[in-house]
Amino acid sequence: MTTIYGKFLKWLEKNGISKFLVVESSRIKQVRKTSGLVCGTIRESVLNFLNLDIIGVCETFLKNDDNIEISGYQWYGHNRKFKNAKTKRGSGGVGVLIKVEVLDNFSVSILDSSVEDILWIKLSHKYDDSNNICFCVCYLPPEGSSRLNDGEKFYNDLLQQVYCYQNEGFVYIGGDVNSRCGSEQDYIQGVDDINDREIIDVSSNKYGDLLIDFLTSCNLCMLNGRADGNNDFTCVSKRGRSVVCLTV
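Encoded structure:
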């Protein structure tokens, strides 16, 4: 049986996008400000081992027009416009790093940056416009965060954007959304042709319920627990382990 996520992975491989990843800013080290730009390096061993084509970055902590420079990659960022006056660094923020080789076959443009912490980019195939892709990287602060946030508004905004861009190309979303779904199904049984996912995080929260409603409303599903490769926790701390960075 060929499922929706299986078709997506085959499409990526066909068009030279073999690997992608969503990471948090904690994966970036030695970020320093130089001439108005932020020069960052993701650990060399990680880049060399995974050979990533697309990297979605959440919580960049960049401000104003700062960006990230990594050899061999092009940065597309969306920094928060407002920050706490008492802090020196920025907060939140999202962005995408795309390997320069990918740009041989795709032209990249900012599709939508109208909503804070949500960035849509479009990869337009230079030789076949039926193989365009709309990639979104997003960040939803955790419940109880000092940053005033509204989970319902976040997913409503995201849903409206999916409806708006679903005919522009293949839709792919990745980010740190702090949404834990437990064993809840992210599809309509008996209607959608999707295999069950392997569940390793059995806890759930309010944001997880909102995520499930979002996925079933726009006919998307989680790749976590379904895609080939290791199914692992995305957050490990002294408080425990969880799956809060999701790809759909």
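For the sequence shown, my numbering gives the first residue as 2, with consecutive numbering after it. Glycine included, each C-beta is placed from N, C-alpha and C at the ideal position. Every value quoted in this text rests on a predicted model; they were computed, and no experiment measured them.
Distance CB(residue i)-CB(residue j) smaller than 7 Å
{"i": "Tyr156", "j": "Leu211", "result": "yes"}
{"i": "Val237", "j": "Ile174", "result": "no"}
{"i": "Val245", "j": "Asn179", "result": "yes"}
{"i": "Asn206", "j": "Arg242", "result": "no"}
{"i": "Leu160", "j": "Ser218", "result": "yes"}
{"i": "Gly152", "j": "Tyr208", "result": "yes"}
{"i": "Leu247", "j": "Asn232", "result": "no"}
{"i": "Tyr140", "j": "Cys59", "result": "yes"}
{"i": "Asp54", "j": "Val103", "result": "yes"}
Simplified DSSP state of residue i, which is helix, strand or coil
{"i": "Cys222", "result": "coil"}
{"i": "Ile122", "result": "strand"}
{"i": "Lys154", "result": "helix"}
{"i": "Asp105", "result": "helix"}
{"i": "Tyr188", "result": "coil"}
{"i": "Tyr208", "result": "helix"}
{"i": "Ile29", "result": "Bear in mind that a pLDDT of 40 at Ile29, under 50, signals an unreliable position, so the number given afterwards is only what the model happens to contain. It is a strand residue."}
{"i": "Ile213", "result": "helix"}
{"i": "Val203", "result": "coil"}
{"i": "Val58", "result": "strand"}
{"i": "Val138", "result": "strand"}
{"i": "Val95", "result": "strand"}
{"i": "Asp130", "result": "helix"}
Chain-order list of residues whose beta-carbon lies under 7 Å from that of residue i (same chain, five-residue window excluded)
{"i": "Leu124", "result": "Phe107, Val109, Asn133, Ile134 and Phe136"}
{"i": "Asp250", "result": "The structure shown does not extend to residue 250, since the chain spans only 2 to 249, so no value can be given for it."}
{"i": "Tyr166", "result": "Leu112, Trp121, Cys135 and Val172"}
Counterpart residues of residue i in DSSP-defined beta bridges
{"i": "Thr248", "result": "Gly175"}
{"i": "Ser243", "result": "Cys236"}
{"i": "Lys100", "result": "Tyr74"}
{"i": "Asp113", "result": "Trp121"}
{"i": "Cys165", "result": "Answer is none; Cys165 lacks a bridge partner."}
Sequence-distant residues of its chain with Cβ nearer than 8 Å to residue i (five each side left out)
{"i": "Leu1", "result": "Outside the displayed range of the chain (2 to 249) lies residue 1, so it cannot be described from this structure."}
{"i": "Glu169", "result": "Leu112, Lys123, Asn133 and Cys135"}
{"i": "Asp214", "result": "Tyr156"}
{"i": "Gln162", "result": "Asp113, Val116, Ile119, Trp121 and Cys137"}
{"i": "Gly183", "result": "Ile200, Asp202, Val203, Ser204, Ser205 and Gly209"}
{"i": "Phe234", "result": "Ile201, Asp202, Arg242, Ser243 and Val244"}
{"i": "Lys82", "result": "Glu117"}
Min CB distance residue i to chain C below 7 Å
{"i": "Ser184", "result": "No chain C is present in this structure, which holds just one protein chain."}
Beta-carbon proximity list for residue i, same chain, < 6 Å, skipping 5 on both sides
{"i": "His79", "result": "Val95, Ser114 and Leu120"}
{"i": "Arg240", "result": "none"}
{"i": "Gly57", "result": "Val23, Val97, Val138 and Gly175"}
{"i": "Asn150", "result": "Pro142"}
{"i": "Asp197", "result": "none"}
*Decide yes or no for the touch test of the region 91-103 against the region 67-78: beta carbon pairs closer than 8 Å, at least 3 of them.*
yes
*Does the pairing of the region 191-205 with the region 165-179 give three or more beta-carbon distances under 8 Å?*
no
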